[in-house]
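**Student:** Have a look at this one before I ask anything.
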């Protein structure tokens with residue numbers, strides 16, 4: 722385990738001597754706000770999570786491989802406010818069902834194997850399940866040549882339309898491609914979708930991320946944008 726800051730830990734491997742349960746584990750729980758998991762077996766997470774105060778945990782980043790897919794279904798992961806999933810090389814996901822079951826307020830997926838058809842199924846699920854206002858999804862980084870096909874796919878297959886003037890303030894602090902798109906969710910919500918420019922810390926050029934967020938249909942110029950986590 723590596724401590725990056727006072728409230729940010731990255732867990733790589735769990736020591737064998739701690740796998741044995743003891744009666745005073747409650748006294749050993751760590752108050753961690755940000756947790757990174759880079760594990761090789763789901764069982765390692767089950768041991769380690771015993772020492773995390775879940776009432777304090779807000780942001781989880783998981784590096785997922787072929788043997789650790791089941792971690793996404795763990796009850797300890799689902800309640801976190803923000804979840805970032807980084808998928809290692811390999812087409813491990815036969816469907817997007819595991820992603821669709823997640824209910825984190827902000828789900829950020831870094832996975833090159835996620836395709837436009839997967840994105841369409843993901844968006845359709847958000848529409849039919851009626852996600853809460855403020856729920857967000859990010860997919861990236863994507864190269865600039867992917868931006869237009871993503872937006873056109875959503876228009877063609879889902880009937881998404883360009884965002885109206887009522888969302889101008891929402892977009893005012895974002896470097897986005899064109900105007901963004903929306904889809905109705907019932908009578909009181911809209912799913913806002915757009916591609917946002919993101920600056921690489923190590924490279925001189927920019928990448929893009931696909932973003933979508935559930936907002937109130939009554940969103941107007943007086944609405945305060947949702948802050949990034």
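In our numbering, the protein residues as written are 722 to 950.
Positions of the beta carbon are idealized from the N, C-alpha and C atoms, including for glycine.
(1) Any chance you could list the beta strand (DSSP E) runs of at least 3 consecutive residues sitting entirely within the stretch 850-889, in chain order?
(2) What are the partner residues of residue 905, as DSSP defines its beta bridges?
(3) Starting from residue 828, trace the beta strand (DSSP E) in both directions and tell me its first and last residue.
(4) Roughly how many angstroms lie between the CA atoms of residue 785 and residue 799, to the nearest whole one?
(5) Just mark residue 856 as buried or exposed, buried being the case when its beta carbon has 16 or more other beta carbons within 10 Å.
(6) Using three-state DSSP, classify residue 821 as helix, strand or coil.
(7) Do you know offhand how far residue 869's Cα is from residue 898's?
(8) What does the alpha-carbon distance come out to for the pair residue 791 and residue 797?
(9) Could you please give me the residues that DSSP links to residue 920 through a beta bridge?
(10) By how many angstroms is the C-alpha of residue 884 removed from the C-alpha of residue 875?
(11) Would you mind reading off the limits of the beta strand (DSSP E) that contains residue 804?
(12) In this structure, how does DSSP classify residue 777 when only helix, strand and coil are distinguished?
(13) Identify whether residue 798 lies in helix, strand or coil by the three-state DSSP scheme.
**Tutor:** Taking the coordinates as given:
(1) 857-863
(2) Taking the first residue of the chain shown as 1, we reach residue 905 at position 184. Residue 905 pairs with 911.
(3) For the purposes of this step, residue 828 is taken as the residue at position 107 of the chain shown. Start and end: 827-831.
(4) Locating residue 785 in the chain shown gives position 64, where the first residue counts as 1. Locating residue 799 in the chain shown gives position 78, where the first residue counts as 1. For residue 785 and residue 799, the distance between alpha carbons rounds to 15 Å.
(5) Mapped onto the chain shown, residue 856 falls at position 135. The residue in question, residue 856, is buried, as its Cβ has 16 or more Cβ neighbours within 10 Å.
(6) The residue labelled residue 821 in the question sits at position 100 within the chain shown. Three-state result, residue 821: helix.
(7) Residue 869 sits at position 148 when you count from the first residue of the chain shown. Residue 898 sits at position 177 when you count from the first residue of the chain shown. Rounded to the nearest angstrom, the two C-alpha atoms are 8 Å apart.
(8) For the purposes of this step, residue 791 is taken as the residue at position 70 of the chain shown. For the purposes of this step, residue 797 is taken as the residue at position 76 of the chain shown. Rounded to whole angstroms, residue 791 to residue 797 spans 12 Å at the Cα level.
(9) As a first step, residue 920 is located in the chain shown; it is residue number 199 there, counting from the start. Residue 920 is bridged to 927.
(10) On the chain shown, residue 875 is found 154 positions in, with the first residue counted as 1. On the chain shown, residue 884 is found 163 positions in, with the first residue counted as 1. Approximately 13 Å between the Cα atoms of the pair.
(11) Translated into positions along the chain shown, residue 804 becomes position 83. Looking at the DSSP string, the run of the beta strand (DSSP E) that includes residue 804 is 803-808.
(12) Taking the chain shown and counting its residues from 1, the one referred to as residue 777 is at position 56. Residue 777: coil per DSSP, three-state reduction.
(13) As a first step, residue 798 must be located in the chain shown, where it is residue number 77. Note: residue 798 maps to coil in three-state DSSP.
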